[in-house]
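> Heads up: the sequence shown begins at 1 in UniProt numbering, then just goes up one per residue.
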Amino acid sequence: MDVYEAVTSRRAVRGFTDRPVPREALERVLSAAAWSPSGSNLQPWRVYVLTGRPLAELKKRAGERVAAADPWDERQYEMYPPDLKSPYGERRAAFGKERYSALGVTREDWQARQRAASENWQCFGAPAALFCYIDRDMGRPQWADVGMYLQTVMLLLRAEGLHSCPQMAWSVYRTTVAELLAPPDDLILYCGMSIGYEDTTTHHPRTGRAPLEETVTFVDDPTA
Ligand SMILES: Cc1cc2nc3c(=O)[nH]c(=O)nc-3n(C[C@H](O)[C@H](O)[C@H](O)COP(=O)(O)O)c2cc1C
């Protein structure tokens, strides 16, 4: 698979089969992703991979919290600025509309939206998941490094025939994740990532993107 195909075929997949993900594929992907760039080569990512019984236990405990309407854990970082100004607010609204209308859920049907969102904590059925932490002392550039790393992981997963869904949603149940992983205290859970083979029966239309001129400015030689 060439790089363009990996980039364009990567999507946030929210429906996986239970076909197990080979440990060797995960090791290949994570060994290659370690070559991701980072400022001064700090490599600020700290990753845990869960499969099998430990992942089943995590899903069970998270499911219990959802069922009990347990409040979310105290935030360690803000997922979004409180007031999303234009054009970000519009893009977020468009995404919500795309995501829920694909499921046949209306904006007003809060319960159905909650049910769909709660699939996050079942990893959308995926048999493997990765949890990416970052040291709380790290600054914005290192968070950006972690983003590059995670994208590299997701592209390499495509080369293995696998799909993924990055999930900040896991950060709201970070204490439950920590019960299973016991990470050192100085780490913050940035996000989880569901990993597996796509359940093509739950295929959704692709999300859109802003036109290039909205996000990219070319500054060329001035024309005479
Ligand atoms: C850091 C990060 C966190 C995300 N968290 C979630 C999440 O918690 N749940 C979810 O369903 N999708 C999540 N997504 C997926 C985004 O909604 C998705 O990437 C975006 O809508 C673009 O769609 P695409 O990835 O399918 O191209 C996340 C994406 C990123 C990069």
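Every residue, glycine too, gets a C-beta built ideally from N, C-alpha and C. All values reported here derive from a predicted model rather than from experimental measurement.
From A182, T217, R10, pick the residue whose C-alpha is nearest to that of L58; which is it?
Residue mapping note: residue 58 aligns to position 58 of the sequence shown, counting from 1. Here the closest residue by C-alpha is A182.
> Where does G10 sit, in a helix, a strand or coil, going by DSSP?
As a position in the sequence shown, residue 10 is number 10, starting the count at 1. As written in the sequence, residue 10 is Arg, which differs from the Gly given in the question. It is coil, neither helix nor strand.
> Among the candidates T175, T200, R115, S101, whose CA atom is the shortest distance from the CA of R75?
Within the sequence shown, numbered from 1, the residue matching residue 75 stands at position 75. Per the Cα distances, T175.
> I believe Q151 touches G63 by the beta-carbon criterion, under 8 Å. Please report the beta-carbon distance rounded to the nearest angstrom.
Here the question's residue 151 lines up with position 151 in the sequence shown. Here the question's residue 63 lines up with position 63 in the sequence shown. Not quite, the Cβ-Cβ distance comes to about 29 Å (not below 8 Å), so this is no contact.
> Near residue 236, which residues of its chain fall below 6 Å by C-beta distance, leaving aside the five closest residues on each side in sequence?
A query on residue 236 cannot be resolved here, the shown segment of the chain reaching from 1 to 224 and no further.
> Please state whether the Cβ-Cβ distance between E198 and V29 is less than 8 Å.
Locating residue 198 in the sequence shown gives position 198, where the first residue counts as 1. Locating residue 29 in the sequence shown gives position 29, where the first residue counts as 1. Taking 8 Å as the Cβ cut-off, E198 and V29 do not qualify as a contacting pair.
> For D137, which option in R23, A6, R92, L42 has the closest C-alpha, if you only look at C-alpha atoms?
Within the sequence shown, numbered from 1, the residue matching residue 137 stands at position 137. Per the Cα distances, L42.
> Helix, strand or coil, according to DSSP, for residue 239 in the structure here?
Absent from the structure is residue 239, since the part of the chain shown begins at 1 and ends at 224.
> Classify D221 as buried or exposed, calling it buried when 16 or more other Cβ atoms lie within 10 Å of its own Cβ.
The sequence position of residue 221 within the sequence shown is 221, counting from 1. The residue in question, D221, is exposed, as its Cβ has fewer than 16 Cβ neighbours within 10 Å.
> Thinking just about the alpha-carbon of each residue, which of V177, T215, M154 is nearest to the one in A12?
Against the sequence shown, residue 12 aligns to sequence position 12. Checked all of V177, T215, M154; the closest Cα to A12 is M154.
> Do A6 and ligand 1 come close, with the Cβ less than 7 Å from some heavy atom?
Here residue 6 refers to the residue found at position 6 when the sequence shown is read from its first residue. False, no ligand heavy atom lies under 7 Å from that Cβ.
> With a Cβ-Cβ cutoff of 8 Å, do L162 and A25 count as a contact?
Locating residue 162 in the sequence shown gives position 162, counting from the first residue. Locating residue 25 in the sequence shown gives position 25, counting from the first residue. Yes.
> Measure from the alpha carbon of G147 to the alpha carbon of each residue in S31, G39, E5, then state which is nearest.
Here residue 147 refers to the residue found at position 147 when the sequence shown is read from its first residue. If we check each option's Cα against that of G147, G39 comes out closest.
> Does any residue of chain C have a CB that is nearer than 8 Å to the CB of Q114?
Given the protein chain composition of this structure (a single chain), no chain C is represented.
> Taking all protein chains shown into account, do 16 or more other C-beta atoms lie within 10 angstroms of the C-beta of R14, making it buried, or fewer, making it exposed?
Position 14 of the sequence shown, counted from the start, is the residue given in the question as residue 14. The residue in question, R14, is buried, as its Cβ has 16 or more Cβ neighbours within 10 Å.
> Let's test the definition: count the other Cβ atoms within 10 Å of the Cβ of L212 and tell me whether it reaches 16, buried, or not, exposed.
As a first step, residue 212 is located in the sequence shown; it is residue number 212 there, counting from the start. In this structure L212 is exposed. Its beta-carbon is surrounded by fewer than 16 other beta-carbon atoms within 10 angstroms.
> Between which two residues does the beta strand (DSSP E) containing D185 stretch?
Position 185 of the sequence shown, counted from the first residue, corresponds to residue 185. First-last for D185: undefined, no H or E at that position.
> So what's R136 in DSSP terms, helix, strand or just coil?
Here residue 136 refers to the residue found at position 136 of the sequence shown. Correct three-state label for R136: coil.
> According to DSSP, simplified to helix, strand and coil, what is A126?
On the sequence shown, position 126 is the one that residue 126 refers to. Residue state, collapsed to three classes: coil.
> What are the partner residues of S164, as DSSP defines its beta bridges?
In the sequence shown, the residue the question calls residue 164 occupies position 164. According to DSSP, S164 bridges with A12, I195.
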